[in-house]
Amino acid sequence: LTHLSRLTERLAAIPGVKEATSLTNVEDIVGEAESFTVGPFLDEIPTDKEALRHLRIRATEKPLYRGALISEDAKTAAILVELAPHLTGTAHQRVIDAIRTEIARHGGGRTHLAGKPVMDHFTALFMRLDLQRFIPLTVALMAIILWALLRNGFGAVLPLFAMGLCLVWSVGVLGLLGGTINNITTILPPLMMALTVAVSVHLLTTYQDHLASARFAAPPEGGRGREDAGDGPDRPTATLVGMWLERLRGGEAPGDGGSGAAEDLAAWRTRLHEEAASLARNREVVEATVRELWSPCLVAALTTVAGFASLVVSDIPPMRHFGVAAALGTLFSLLIAFTFLPACWLLVRRPVARHHDPLEPDPFDGLLLRLGSFVTRQPRRICLLVALVAVLAALGVLRLRVETNLLEYFDEGTRLVRDTLFVEHNLAGVEDVRISIRGREPDQILTLDTLHHLERVVRFLEGQPGVDRVTSLLDYLEEMNRAFHDEDRRYERLPESEPLIQQYMLLYDGRDLRHFLDDDRQWTAIYVRVHDHSSAKIGELIRKTRRYLAAELPEGLTGRVTGPAVLVSNLIDTLVHSQTESLALASLVIFAMVALLFRSIPTGLLAMLPNLLPILLNLGLMGWLGIPLDTATAMIAAVAIGIAVDDTVHLLSAYRGHLARGATPTEAVRLSLAAKGRAVVFTTLVLTAAFGIVTVSRFLPTARFGALCALTMVYALLADLLLTPSLLLVRRGARATDTRRKVFRRPIGQHLNR
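Converting from the sequence shown to this note's numbering requires adding 1 to each position, the first position being numbered 1.
Structure, rendered in structure tokens:
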């Protein structure tokens, strides 16, 4: 008791704590001869065993204390800490940190901390830890992927710089919007970094393909270029003169006279001509790359923006903040990629060439050619197989449930989970549901008719599954009635008359009743503590209670169900509704953009099929595996559709271009896969890796979101490489009658020259 008293006082003194209540300072109603007084339950701590035994019996017998401030076996005591209202962000974190510090200082090993504010604190803590992991892991993984793709150190570094710029701008927008780092916005940094790298990969691979098709690569150190490197025009620009002067200063000047001077000057002139040709050819390649990719990349970015911006219709502020920041971040990634990267390519002396001889067959290119050959031979079978998989996924969607369990978001070994389970096992549940009942007139709550209705509501609530404890005005009136009748437990019931109730109100001069009755005696509250953390079960309790209140409360009394648990339950309903709207809006906008780009409504519809399929597969998998639709997984559809459609746009753009140059549908499909397949595969790899990094989160919904988004990206890749070309061929009625033409045995660069 001494320890409990000291800790209660220390916790109450923390800035941001409104009140701390325990057995050592709680009010007690003590009976006298036909009266009662209100005073502290514990005036002083007893020293002899008999007094302590008597105190223990009194504490465990009182319904107001039992299960709230002391366990039935008197082995566990509680301190109820009420935080100041409207604490947010860092202020909330500081208060919880201060409480944890005081607990540790006063023997924290025997103390357990639980409740909604503590869950919020641990959630924010895990978010900060996640960010400390996500950003360096994303940078490292993106660097590895870029090196594997480009085989060029300088080319791999440039997208990393672009990625950093986009990250700073996107997070800056989130801050300007007043957003915070939470379980929704914590995925923003790795996502923006991955999107920047993805658009950079499209630019870099196309740039390198143009270099290869032009039979041009950087000249080797100290020697002549490739066999055609000296064919360019003589352009002794200021840049070339500057390079020449630099070499003169560095001691690389031709001889200072003598018989070899003329030959040296001729050699330097040749090198200047070669470098002029190199710079001119590099500029042409850069311009061609930007011209070719600007339209499809712009549409791809706008479709991604549409997916993110669709979250703005959500009623949940963190989701709106994420949607706006991610949408603007996507535009930032496009702007940075199409300005920063080409500018760097023009400023460097060496083109960012892939270290692979363009005249030699590339194994990856060969794989893409074989894939194209397979698709063009089996388009109808592929479509049929996909249809069967879609039906199986649809059956899984029927099994999908909507649910959030905040406690299950944390690992079982987490201190928060252990503490919460301890409190619920020894005292009562930490989930809080409140019933607010209001009358039409003052003093209506204290009428016997109203109190009997309240009694029936309390009995109904006590009989519901998951309910551990119900506290109401009735508990105080019963306690007063018992005390007034000389602590006779037979009178632990409602007073028999309204005048007696009014007399009790005059005698009561405590403060605790203010939580249950207003000054006009027109409003009262019932507090329900629940040990179920499932939003589905709490939602069922809420719905049953609302139906009961609507049916049982008489005219003149209105009841509402409120409280933190209700907010979570309502959040899930709102989330599912808003995400349905977001997905529909995103799909409509993306369809319109693609249809406008290709000036074809059928093409717009065709583009939607391979991008809605991954979402269907994702939801179906969740249904079959029993993964619920919650605050994190509900976002996947709107986020994924905007990202997944990007590669479809690039493939369709290439397909249309090859058709315009006279290729048959079969040839156009194979050439499109050959030309864009590398970028499509590697951008998917980049996005999958970024989402894969999110799976290391200690917060289950974030990890689950990352894993499912990564799978969705893989589904989208398979749909783009298999379903999209198959749909194109089936739509055209094309047959692969020309699948072994010799032209496809030549390197990719030569295909692109045709």
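We treat Cβ as the ideally placed atom computed from N, Cα and C, and that holds for glycine. These numbers were taken from a predicted model, which means no experiment stands behind them.
Inside the segment 90–153, DSSP marks no whole beta strand (DSSP E) run of 3 or more residues. The beta carbon of Val-595 sits closer than 6 Å to those of Gly-605, Ala-608, all from its chain and outside the five residues before and after it, given in chain order. Secondary structure of Leu-401 (DSSP, three-state): coil. Within the model, the alpha-carbon separation for Pro-64 versus Leu-70 is close to 10 Å. Sequence-distant partners of Leu-660 (beyond 5 residues in either direction) whose C-beta falls short of 8 Å from its own C-beta, in its chain, are Pro-666, Ala-669. One alpha carbon belongs to Leu-514, the other to Asp-444, and they sit about 15 Å apart. Looking at the backbone, the Cα of Asp-489 and that of Leu-550 are separated by about 33 Å. Exclusion of the five residues before and after His-486 leaves Tyr-492 as the residues of its chain whose Cβ lies within less than 6 Å of its Cβ. Per DSSP, reduced to three states, the secondary structure at Asn-283 is helical.
Nearest Cα to Val-682 within the set Ala-664, Ala-720, Gly-658: Ala-720. The count of Cβ pairs closer than 8 Å, one atom from the segment 128–136 and one from the segment 38–53, stays below three, leaving the stretches out of contact. In its chain, beyond the 5 residues on either side, Glu-432, Asp-433, Val-434, Val-531, Ile-539 have a beta carbon closer than 7 Å to the beta carbon of Ala-566. With a beta-carbon spacing of about 6 Å, Leu-474 and Leu-518 fall inside the 8 Å limit used to define contacts. Non-local C-beta neighbours of Val-119 in its own chain, meaning closer than 7 Å and more than five positions away in sequence, comprise Ile-97, Leu-417, ordered along the chain. Going by C-alpha positions, Glu-20 is about 57 Å away from Asp-648. Distance from the CA of Leu-393 to the CA of Val-198, rounded to the nearest whole angstrom, comes to 34 Å. With distances taken between CA atoms, Gly-40 lies nearest to Tyr-509 out of Val-687, Tyr-509, Ala-281, Val-640. It is roughly 48 Å from the alpha-carbon of Pro-611 to the alpha-carbon of Glu-425. The continuous beta strand (DSSP E) containing Lys-19 extends over residues 18–22. A Cβ-Cβ separation of about 41 Å leaves Val-174 out of contact with Ala-13 under the 8 Å criterion. As a beta-bridge residue in DSSP terms, Trp-524 pairs with Arg-439. Within the same chain, and ignoring the five residues on either side of Ala-690 in sequence, the residues whose Cβ sits closer than 7 Å to its Cβ are Leu-142, Ile-146. Judged by DSSP secondary structure, Phe-37 falls within the beta strand (DSSP E) whose first and last residues are 36–41. Excluding its 5 nearest sequence neighbours in each direction, Ile-30 has C-beta neighbours in its own chain below 7 Å: Phe-37, Val-39, Glu-480, Met-481, Ala-484, listed in chain order.
Rounded to whole angstroms, the gap between the alpha carbons of Thr-207 and Leu-653 is 15 Å. Setting aside the 5 residues that flank it on each side, Thr-61 is surrounded in the same chain by Arg-67, Ile-71, Glu-73, Ala-75, each with a C-beta closer than 7 Å to its C-beta; the list follows chain order. Between Arg-662 and Gly-373, the C-beta gap is not smaller than 8 Å, which leaves the two residues out of contact. Around the beta carbon of Ile-104, a 10 Å sphere encloses 16 or more other beta carbons of the protein chains shown; the residue is thus reported as buried. Under the three-pair Cβ rule at 8 Å, the segment 572–584 does not count as touching the segment 445–452.
Between Ala-92 and Leu-428, the CB-CB gap reaches or exceeds 8 Å.
Counting only the Cα atoms, Leu-212 lies some 7 Å from Val-286.
Straight-line measurement puts the Cα of Asp-631 at about 11 Å from the Cα of Tyr-410. In terms of Cβ geometry, Ile-527 and Val-459 form a close pair [threshold 8 Å]. Non-local beta-carbon contacts of Ser-727 in its own chain, meaning distances under 7 Å to residues more than five positions away in sequence, involve Val-376, Pro-380, Ile-383, Cys-384 in chain order. In this model, His-122 and Leu-568 are separated by some 17 Å (Cα to Cα). Ranking Pro-496, Leu-613, Asp-366, Ile-436 by CA distance to the CA of Ala-388 puts Leu-613 first.
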